[in-house]
Every structure is written in structure tokens, then in C-alpha cells.
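Let me begin by presenting the structure, written as C-alpha cells, before commenting on it.
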Amino acid sequence: MTLAWETRTRLDWPHIVVALLVIYLLTDLVFPRLLSAFVAAYVVQPMIWASLAYLIWQLPRYRPKLKVRFHQPLAVLALAVGLFQVFLLVVGGVVSGFGRSPYSFSPQGILINLVFVGTALLGLELSRAWLVNRLAPRGGALTLGLLALLFTLILTPMTKLMGFSGGQEAARYLSSTPLPLLSENLLACFLAFLGGPLPALAYRGILQAFWWFCPILPDLTWSLKALLGTAAPVIGFVIVQTAYPLWSKGPTRARRMADRGLVGWIIGSIIGVALIWFSLGLFDFYPTVVYSGSMRPTIDVGDVVIAVKVPASKVSEGDIIEFREGNITVIHRVTEVHQTKEARLLVTKGDANKEPDSEPVFPGQVRGKVVFRVPKLGWASIAVKQLLSR
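By numbering that gives the first Met the number 0, the letter at position 232 of the sequence shown is numbered 231, and the numbering carries on one by one without gaps.
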């Protein structure tokens, strides 16, 4: 690494990380309580981000991996990747619909938002590029991943993380916002590692411009947000990683790191989205944690059962089914099946209970049939739920 300036500073990467976290806490928790919403968001925040950008600009600079003459072509490629991601979002809007932007489009409103978005973007991307090129040459792909997590946290409002009413709401939010943000930040970190702040600014700048300054925006479902927001940066990563050997000769360490990082990123993103969709029942099978001992010894408290979605007409005597009883999910065994003129009624009973359930199960109550059990896997979920309920 080569310092651009002869003058050294006492500030190093821990100070920048702490500064970013302090800014996150101040802008998210402190200033909104002490100041008016307008002053906190549109006066104080731009001043803080502009100050951070100036501070980073004064620090000794560490060279990115690619030579200077390749920074501009990489920035153009990053801009194209951002435009491709915008195109995918528009295609998603064609599928799920469009809505009006919530932001002001008066000349004054556009100017205020431009200052708000521009200063934050500049402060974040200068910080990202400095941290990445200060740390990544030694830490490799792990460092890029940790820095991407840091910037994902900073871009995720703490009030959102603390305001969930249930596990399903939390899973939907995490898959539709932080997970795509993580993919976006991983790509931005890789761009900063190769070419400094300019390519990352080009990529994230086009996305911010679309969300803040386009009057009509795609009204995406949470599942489309998760899919497009995760897949688009992965495709962008593939494009950049494919172009990288054209600008860097030989099997360098950075190229090997990019190859490993690409495989891990793609696998991790696919697994993450698949697990969230699986837990929410978007497939024909889904998991459920057992909180009751009414099915002992077949199924015990803390077990996780896998149920397959089936209609009541496919349920037979002896099957273990999951059904809704008011706001409660029950897992019991079918002991009798009665076919009436109106419906197919199921009599159920817990294996540990002496008597059958007081009311029969109607077809509309049936969620699925239990086909598999994983012992004790759900105890972590039970412990977290008990901790949060205190």
C-alpha cells in the first residue's frame, strides 16, 4: 500500500468505524428526539455527512487494486450495472404495479433531497473506499463481507429493527430490505476495492437517484423486493468479476479472492432467500416449532416439524395435521374422518391427551400434514421468544 501524502495521521480504521456507528446512533435515535424532524434530517445530517467526507478526504489515501487508468472504465461499468438493476426493478413494477413517489418534486424539495442524499452518499462511499483499501488487502473476502455488514447496518433504520409485531413480519422485512442492502453493499465494497470511491458512487448513486427522484416507482411485493434486490447485485458482481481479468494480468491474489467471494456470495444469497421463503411457507412445505407437549411421545416440546400443504380431502385417519383454531396453530393426530353433505370433518386428538378435541376440524382450518420431525431444533426459537416476552 502506498500513501498518497507524506503527512501521516493518528486516525486509523477503528476511529472511522466508531465515527460511522456514532453517526448512525445520533441520526437514528438522538437527533430525532432533540430536534424537529426537518432540522434533524435535512440540516444536521447533511452537515455531519459532509464533515465526515471532508475528514476522510484529508486522511492518507490507500491505492485500490486496479491502476488509475482503469478507474473510469470500471465506474462506467458500475453505472451500467446500476442501470440494469433499475431496469429489473421496473420490470418488477410491471408485474406488481406502480405507485407515486412519497418525496417532494417542487424545486425546493428536489434541492433539499439532493443535498440530503448527496452528502450521505459522499460520506458513506468515501468512508467505504478508505476502509476497504485500508483493510481488505490483508483480510481478503472476509473483510469485504464484514464491511458490507457494517454499511448494511448503518443504512437500516434502528426503529425498523426494533418495531416488529411478530416473527413473520420480521422475516418479511429482513428479506425485503436488509438482505438486498447486504447484496448491494457487497458489490459496492468490491467496486471500491478495485477502483476506489468513484465506481461505488456510480453504482449506488444511480440507485439512489432512481428511488429519490423518480416520480413513479415500482410498488413491489416483499418477495419481489427480496428476489430482485438480491439477484441484481449478484448478476452485477458476475459482470464486474468477468471484466476484472481484462484489466489485471495474471492470477493475482485479488482475482483469487474475487473467485472465492463470488461463489460464497451466490451460495449464501440463494440459501438466505430460500430459508426465509421456506420459513414463511412460500413453498409447498414449511417448518413449525412445537411449543406444546400434547403430542408426546411422538412429538415433543422444542421439536421442529415439517408439514406439507394438503387439502382436507387428502387427509386420512392416523395422519398428523396442523390446523388453525382461532389464533392458535395446533398439531394433532386425526382419529376419525366424517364425510357430511356440507364438508369433510376431521376428529383430532393429541397423543398425550385422554380425550379427543372438543370440536371437529373443518377443511378451511387445515394448513398441512406433518411428514418429518427434527428433535430439539426449535429450542433456540423458544428461548428467544421467552427472552423477548419478558
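All residues carry an ideal CB built from backbone N, CA and C; glycine is no exception.
{"Item": "Any non-hydrogen atom of the ligand GTP within 8 Å of LEU51 CB", "Value": "With respect to the ligand GTP, the structure shown offers nothing to examine, as it has no ligands at all."}
{"Item": "First through last residue of the alpha helix (DSSP H) which encompasses ARG203", "Value": "196 to 212"}
{"Item": "Beta-carbon separation (whole angstroms), GLY377 vs GLY301, contact threshold 8 Å", "Value": "5 Å"}
{"Item": "Interface flag, ASP27 vs chain B, CB-CB below 9 Å", "Value": "Of the protein chains in this structure there is only one, and it is not chain B."}
{"Item": "CB of GLY235 within 9 Å of CB of VAL131, strictly", "Value": "no"}
{"Item": "Coarse secondary structure for LYS64, derived from DSSP in three states", "Value": "coil"}
{"Item": "DSSP bridge partner residues for VAL373 (one or two, in chain order)", "Value": "VAL303"}
{"Item": "Where the alpha helix (DSSP H) containing PRO217 begins and where it ends", "Value": "Element bounds for PRO217: not the alpha helix (DSSP H) but the beta strand (DSSP E), 215 to 217."}
{"Item": "Per-residue burial, GLU124 [other beta carbons within 10 Å of its own, 16 or more giving buried]", "Value": "buried"}
{"Item": "Straight-line gap, PRO214 to SER105 (C-alpha atoms, nearest Å)", "Value": "11 Å"}
{"Item": "Neighbourhood of ALA74 by C-beta distance below 7 Å, restricted to the same chain and skipping five residues each side", "Value": "GLY194, LEU197, PRO198, ALA201"}
{"Item": "Residue range of the beta strand (DSSP E) that includes TYR285", "Value": "284 to 288"}
{"Item": "Beta-carbon proximity of PHE209 to LEU216, cut-off 9 Å", "Value": "yes"}
{"Item": "Beta-carbon gap between TYR23 and VAL114 smaller than 9 Å", "Value": "no"}
{"Item": "Start and end residues, beta strand (DSSP E) containing LEU344", "Value": "343 to 348"}
{"Item": "SER95 versus PRO177: straight-line alpha-carbon distance, rounded", "Value": "21 Å"}
{"Item": "ILE55 versus SER126 - alpha carbon distance", "Value": "6 Å"}
{"Item": "Alpha carbon of GLY98 to alpha carbon of VAL67, nearest angstrom", "Value": "42 Å"}
{"Item": "Inter-residue CB distance, ILE305 and VAL370 (contact presumed, cutoff 8 Å)", "Value": "6 Å"}
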